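If you read the protein sequences in the order shown, they are chains A and B. Going by the numbering used here, the first residue of the first sequence is number -4, and it counts up by one from there. Going by the numbering used here, the first residue of the second sequence is number 138, and it counts up by one from there. Beta carbons: idealized from backbone N, C-alpha and C, even for Gly. Model, not experiment: these values are computed from the prediction.
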Amino acid sequence: MKKLKNMYRKAGIILTIISIIFSSILSTSCDNFVEPGEPVGKVPQTKVFEDEATATAAVMTLYGSLRDNVMLTGGFYGMNVLMGFYADELDYYGPSGQSIEAFYNHQIVASESLVKSLWNEAYSLIYMCNSAIEGIEESPNLSSSIKDQLKGEAQFIRAITHFYLVNLFGDIPYITTTDYLTNMKVSRMATDLVYEKILSDLNESKSLLTNEYVSGERIRANKYAVSALLSRVYLYLQRWQDAETECSILLSATSVFALESNLSEEFLKESTSAVLQLKPKSEGENTQEASSFLFTSGPPLNLALRPEFIEAFDPLDMRKQNWITEIPGQGGIWFAPYKYKLRENSGTSLEYSIVLRLAEQYLIRAEARAHTGDLPGAKADINVVRNRAGLSDTPASTQAEILQAILNERRFELFTEQGHRWFDLKRTGKAGEVLSAVKPNWEATDVLLPIPEAELLLNPKLLPQNPGYN
Amino acid sequence: MYISCLKTGKSGCLNYSLKHYKFMKKTNMNVTPLGKGLKIPVRNIFVRAVIALMCLIHFSALYAQNNGFTIKLQNVTLEKVFDQIKAQSSYTFFYEHEGVEKTKNVSVDVKNASIAEVMKQALKTTIYTYQIVDKVIVIKLARAEKKEKASVLSVSEKDADISGRVTNKDGIPLQGVNVLIKGTMKGAVTDEDGKYSIEVTDNSILVFSSLGYSQKEIAVGIRKEINVILQEEIAELKEVTVNAGYYTVKEKERTGSIAKVSARDIGNQPVNNPLEALQGRVTGVEIVQNTGVPGGGFELKIRGRNSITSGNESLYIIDGVPYDIGTLGSRDVSGTILPGGNINPLNTLDPSSIESVEILKDADATAIYGSRGANGVVLITTKKGYAGKTSLNIEASGTAIAVTRLPELLNTEQYLQMRREAYSNDGYSQYPSSAYDVNGTWDQTRYTDWQEKLIGGTAYNNTVKASISGGNEQTRFNAGGSFLKETTVFPMDFNYRRTTVFSSFSHNSADNRFRMTFTANYGTDKNFIPGTDLTRVSRRLPPNAPKLYNDDGTLNWENSTWDNPMAVLESKYRNSTRNLIANTVLSYKILKGLEFMANLGYNRSDITETVANPYTQYNPAWGLTSESSHSIKNENKRDSWIMEPQLNAFYEIGEGKLNITLGSTFQEQNREQLSLLASGFTNDYFITTFSAASYQVVLNEDRTQYRYQAIYARVNYNLKEKYIFNLTGRRDGSSRFGPGRRFANFGAVGVAWLFYREKFFMNSSWLSFGKLRASLGTTGNDQIGDYQYLNTYTINTELNYNGYLGLTPSHLQNPLFAWEKNRKLEAALEAGLWRDRLNFEIAYYNNRTDNQLVGIPLPGTTGFSSISANLNAIVENSGWELSIRNLNIQKKDFQWNSSFNLTVPKNRLVDFPGLAGSTYASQYEIGYPLSIYKLYKLKGVNAETGVFEFEDFNGDGIIKSTDDRKFIADLTPRFYGNISNSLIYKNWNLDFLFQFVKKQGYNEYYYYTAAPGKMSNQPIGVLNHWQEQGDQAEIQVYTTGRNSNANTAYSRFTTSDGIITDASFIRLKSLSLSYRLSLSNTGPGYLQLYLQGQNLLTLTKFRNGDPEQLTAFLPPVRRISFGMRIVL
């Protein structure tokens, strides 16, 4: 009995000692104890950029977001469709009262959810770019060549996203940090300052990237892609000489780029015209553009090309036959864009969404040359595009005629591609003149979309609202 | 013997009650020393460590002793001397004889003298002598003592020493028990180990008595040792101890708000989940059952919803082990049968294995749980073994189960009339080909009560339980298990099965210094139920819809004119969950008044659930094959451990008692989830074999860790058993916050004043108990999910590009967010009248939660729409809680108790900066509860157009959701409570409880998104509808949908106050009648037969079925149970 008692006593003492020691050790390392292990399905930002494969994945996701979420998406809420309605390319056939109808009718209000999502998705992608750039810069492990490549791509995507934002909304904040305390209180930046930032990003990107297409396919930005975008930026800025220089870089790289002689191959993934394409999510899928535009029988479910646009084509224009499809149905015939022809899974993907292509470079250089007085050079560039479409040389001769010819050519070449038509009308100051005829609700203030209402409520520093909206 | 302590009210003698006092008055007893006083030699490292810990809480002067007395008095009464002694020390006095203090001519002159010297001088000229017992100086007659000793000696030839221990049924030693030799003046009192010794003769009878316990008489015989177990007296409720988690406290002396539900109340109900047994029983606690299907979920809220967007779950502790109440189920798998995929983990805990449930509500009770106490704490204690004869308990019961109430719907005639009128209203000249119900395709004389057919079945529950318990003073055990099987009210053979086993083992050393308890509860259930609840479809099917089966027994698709509701039963849901809770508590009494404890616990829960959707649930006309079959599987597991070393110290200091608890917590929880979707099977036989699927995808893969650490302390000071101060505090660290933000301090102060012990009430004939208590403190909430502070990327396969996995930033990183703080305030009055026959408690509470953890809306330029951060929004929960208990009748054979509970809660959003501009604007309103709905205001049916009209709040002529959904409906109860009765007549026992709730709810139209006139059955109320100009009607014109005004108006109607109605009810929640038959005249064995019921009767004007549940899932069910229990 006494032994047992002693045993208990000893056990108790030992237990007490152990516990006190244990708890004092644990107490001194409090912060260590409450440091949890790493989660699954989530990766700490620092880890992502420690490793080449995950860092690359983070940057590839930026393209994925461009493809699916942001203005360049071929989906229904991308520039292709939205600005096709907004300008004079598409007619609306969807149900009445849909948000998208406001783009067609020019009845957009600041609380429009589509406007808000355009804005938010763009800034969300910009955040992803900034997060990637910061991660890459701080990474101790990545080789400098990988760092240059990935950072160059991220800066390119940041620039192109801001480029669309500034053209849609006017003065906008140019965001280059992930710090939400800064970003939640930003003010709008004058358009020319935004462009300065875009140019700075693009120039840096250009210096970081090489001429190689890293993955073989033309689905990641390289130096040429940057030049192609730069030339467009210079065009919008009316810096003609710079625009011509950038175009020439691409147009002289004949071993890399050549216009597809067969128009129906222009939008295939192997297209030699392509400067930058977006690859579908998984093998066998094709583009969202095809799903958005094509329908099998009339009347259209959502949209169709405007009849005036079809009538405006030269009957000989091969582009009308190759890039537009006729859809008969109950009560008439409708026309749909047919640049992308595959809606269904084709086992192996055949078409990729084109972001930048060579034909645009010819037309940019033509315009730059026309402005700098090189009229023969301008005509030569126009004719390259016309001839490929089976048309004869342009009859235009004066500078004004040539510029008008370029605008027309852009209309037929670049229709329903990333809102080119709208941005051309806007930058040349012809939007009102052209659209007021076909859009009853047109107002001069429609050249800009409204800043989303929720945005102004949450950050009054973004005031004032664009004119014409309240 | 006369004891003056009641008069002087000094400590050390207040253990003795009035009853006790009377008893002692007529006896002359030897008061054995209660202990050797408090001397703590600072001799070893443990004590040093303890003292160091004590310093943490600024605790000093504990050991201050009197260095000496300096008294100079001449020719005074003894009383004056004693007063001086009391003033200079913590000694108190016992007088054995009246008038001691009046003794005159006493002189004392000492400087720095010891107590012995003072007493010697003081008593020198008197007839008295003294003895010091602990801190009590007993004054006795000098001669009498000698005389008594002599007399005892003179008859001592046959006397023998007898000793033993007195414990309660749990084997805990009872201190201060009076042990009296019957018919003599002799007695003894037990010491702190429950031990006594006394000189007796063989034929003596010992009488053991102690307040709160029934008296026991035992004949000595030739025994040398008599160990006694005293049973607690049930009537003495205030002496009952309540579990406060890290400590226990007497009901009478508690400073906080703790509600206790005992095994008896839980065991009287034929329910599967302990929370169901608590429903409607406790003030301030609202419990909603999500579905009447077995194995579903419950929501329990203690004193309202505190957090806007973070978790509002209370903290559950089972036998000292924190228990995550979050569901392991996945919405993807079980969401269509169990609302929200909610499966309550307590389903696997057999309610009958529970000894008590304590609900901690206010700051005083919850602050010791710190960051997890904001939403209250639910402490569940399972049954332990008792010392005594080994007893076997076998129980079997059978229960019949059915739905309680159903809404009344149109019959075929009324329905077809509605349809025809709708077509005629809409200008149809002939019925469309798809209008099968009215165009002649379906039999128009057919009538089926679909509610009866699909959810009107009777389900059965069979339960068998067995347990065995016993032990002796040192070792006790309790072990058992249960098995139940319950079917469903749906057609076809579905069932829920549960198996539980439990065991507890406790042991203490003979000297009681070392103690240990081990408890393990294991439960597993298998649920096999339909993939989809049939309640919604049962209310919508046209009453003349075709028959379910063809004559050959195959499903009838009636030439593809309908979706046969039985087809969804082809989709089957199965789950199997396992749950283990194990816990060991070790304690060791290092010194008198100082105890070390360690609580070690482990919990593991896991689930495997599968829903199989075979192609056969679709109309064969689709021509589908098993390639279209698919199934989803979810595997989720969670395990956690906890370690809590703790020191308890008890001292008597001054005129009070000091209790100190100091401890720390280390806890870790890991969770792992994987859910998969598989589709395309060569044969449905393989439908749950994932490797046989032609397509498989991972829906979710997740692994998280939660770690938690704390130190906690409690200092309780009980002054004169009249004034009680309780300080609790905790310093907490949670891994859910970023470095530097993890730790925070929480604490509370509670005070109680037992005013009935004040002189003023001392002689009151009506007031037998009175206490005022108040508490104030802070608790916190960390229920925001794991890893929110980390800057992470999430795998997003949607954005895969060029073969690379999509990786997107998960959220905006805010390493700065921290605890949600909850400030709680409570004041309460408790009283017992007429010798505690009537007891009541009334409490007011006011809790405010600020620093709310919410997603603060951000402009899109930040890249995200919100960030997890602390927002300066304030949510307030306040209210009144009243409970009254009355002993109506107490006779030898008949006892009748009644009680009444009432809770009047109020929830209010006090402040929310930037609410108007935020995404929360359509959801919340300042000054209103968090549970509001913003709705259109129905003006009625326009007598001209026959269409519903709504209030145009901003007067712009347009009804728009952003501007005109301004009517605020609040569905939380205004007040709720219960009236319960317990009657005992001889061997009969009857208990019943009426629950009442005053609230609003969704009426019968809430289910119907289809306007009356469409092909969907409707509640009977649609008969009162508009037919022609000038009609004043409740319901608008019937339409098949062609009347677009009516169509739009109806969709607004379903989001207007037109769907809100009074949903108050009074319900006979539970009833239990039992008869007990003794199996032998001497032993404790008995046979008990019982009849129990749940949700038996409901009084309400509510027309939408059961008023307790407002979703389109199976409501709570009625249960009637018959059972038998044998205790041997």
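Alpha-carbon to alpha-carbon, residue j and residue i
{"i": "residue 116(A)", "j": "residue 570(B)", "result": "46 Å"}
{"i": "residue 336(B)", "j": "residue 462(B)", "result": "57 Å"}
{"i": "residue 367(A)", "j": "residue 994(B)", "result": "50 Å"}
{"i": "residue 1144(B)", "j": "residue 1152(B)", "result": "14 Å"}
{"i": "residue 197(A)", "j": "residue 768(B)", "result": "49 Å"}
{"i": "residue 446(A)", "j": "residue 1017(B)", "result": "50 Å"}
{"i": "residue 1124(B)", "j": "residue 589(B)", "result": "40 Å"}
{"i": "residue 1046(B)", "j": "residue 440(A)", "result": "42 Å"}
{"i": "residue 1110(B)", "j": "residue 401(B)", "result": "28 Å"}
{"i": "residue 53(A)", "j": "residue 450(A)", "result": "27 Å"}
{"i": "residue 463(A)", "j": "residue 1251(B)", "result": "54 Å"}
{"i": "residue 618(B)", "j": "residue 695(B)", "result": "50 Å"}
Supposed close pair residue i, residue j - CB separation, criterion 8 Å
{"i": "residue 432(B)", "j": "residue 1254(B)", "result": "Actually they do not touch by this definition, with Cβ atoms about 13 Å apart."}
{"i": "residue 66(A)", "j": "residue 159(A)", "result": "4 Å"}
{"i": "residue 629(B)", "j": "residue 706(B)", "result": "6 Å"}
{"i": "residue 75(A)", "j": "residue 287(A)", "result": "7 Å"}
Own chain residues within Cβ distance below 6 Å of residue i, not counting five before or after
{"i": "residue 919(B)", "result": "508, 871 and 873"}
{"i": "residue 431(A)", "result": "437"}
{"i": "residue 853(B)", "result": "796 and 863"}
Proximal residues to residue i (C-beta, below 7 Å), its chain only, five neighbours per side dropped
{"i": "residue 146(B)", "result": "Unreliable placement is indicated for residue 146(B), whose pLDDT of 36 sits below 50; no coordinate value is reported for it."}
Cβ-based neighbour list, residue i, same chain, cut-off 8 Å, excluding 5 preceding and 5 following
{"i": "residue 144(B)", "result": "Bear in mind that the predicted position of residue 144(B) carries a pLDDT of just 36, short of 50, making it unreliable; the figure below should be weighed with that in mind. Here the set comprises nothing."}
{"i": "residue 385(A)", "result": "311, 312 and 313"}
{"i": "residue 888(B)", "result": "392, 860, 861, 862, 863, 910, 911 and 912"}
Residue(s) in a DSSP beta bridge with residue i
{"i": "residue 462(B)", "result": "DSSP lists no partner for residue 462(B)."}
{"i": "residue 424(B)", "result": "437(B)"}
{"i": "residue 908(B)", "result": "967(B)"}
Worksheet item: In the region 440 to 464 of chain B, which residues sit with their C-beta less than 8 Å from some C-beta in chain A, listed in chain order?
Response: none
Fill in: Interfacial residues, the region 819 to 853 of chain B to chain A, with Cβ spacing under 9 Å
837, 838, 839, 840, 841, 842, 843, 844, 845, 846 and 848
Item to complete: Could you list the residues in the region 112 to 131 of chain A with a C-beta less than 7 Å from some C-beta on chain B, going in chain order?
Response: 114, 115, 118, 119, 121, 122, 123 and 126
Practice prompt. Check distances from the C-beta atoms of the region 931 to 943 of chain B to those of chain A and list, in chain order, the residues that come in under 8 Å.
Written response: For the region 931 to 943 of chain B, which is checked against every Cβ of chain A, the residues closer than 8 Å are 931, 932, 933, 935, 936, 937, 938, 939, 941, 942 and 943.
Discussion item. Please list, in chain order, the residues of the region 31 to 58 of chain A that have any C-beta partner in chain B closer than 7 Å.
Written reply: 31, 32, 34, 35, 36, 37, 38, 39, 40, 43, 49, 51, 52, 53, 55, 56 and 58
Discussion item. Residues of the region 274 to 307 of chain A in Cβ contact with chain B at a cutoff of 8 Å, in chain order, please.
Written reply: Here the close residues are 274, 276 and 277.
Fill in: Near-chain B residues of the region 150 to 180 of chain A - C-beta to any C-beta below 8 Å
168, 170, 173, 175, 178 and 179
Worksheet entry | Interface residues of the region 212 to 245 of chain A facing chain B [CB-CB below 9 Å] | 212, 214 and 215
Worksheet item: What residues in the region 910 to 923 of chain B bring their beta carbon closer than 8 Å to a beta carbon of chain A?
Response: 923
Item to complete: Can you give me, in chain order, the residues of the region 433 to 454 of chain A that have a beta carbon less than 9 Å from any beta carbon in chain B?
Response: 447, 449, 450, 451, 452, 453 and 454
Item to complete: Return the residues of the region 979 to 998 of chain B that lie within a Cβ-Cβ distance of less than 8 Å from chain A, sorted by chain order.
Response: 994, 995, 996, 997 and 998
Practice prompt. Using a Cβ-Cβ cut-off of less than 7 Å, list which residues of the region 399 to 432 of chain B approach chain A; keep chain order.
Written response: none
Discussion item. Short of 8 Å Cβ to Cβ, which residues in the region 1000 to 1012 of chain B face chain A?
Written reply: 1000, 1001, 1002 and 1004
Worksheet item: For the region 554 to 582 of chain B, which residues have a CB atom closer than 8 Å to at least one CB atom of chain A, in sequence order?
Response: none
Worksheet item: Going along the region 870 to 891 of chain B in order, which residues come within less than 9 Å of chain A, judged by CB to CB distance?
Response: Per Cβ criterion, the list reads 870, 871, 872, 873, 874, 876, 877, 879 and 880.
Discussion item. Using a Cβ-Cβ cutoff of 7 Å, what residues of the region 940 to 970 of chain B are near chain A? List them in chain order.
Written reply: 941, 942, 943, 944, 945, 946, 947 and 949
Practice prompt. Mind checking the region 646 to 680 of chain B against chain A and listing, in chain order, the residues whose C-beta falls within less than 7 Å of any C-beta there?
Written response: 646, 647, 648, 650 and 651
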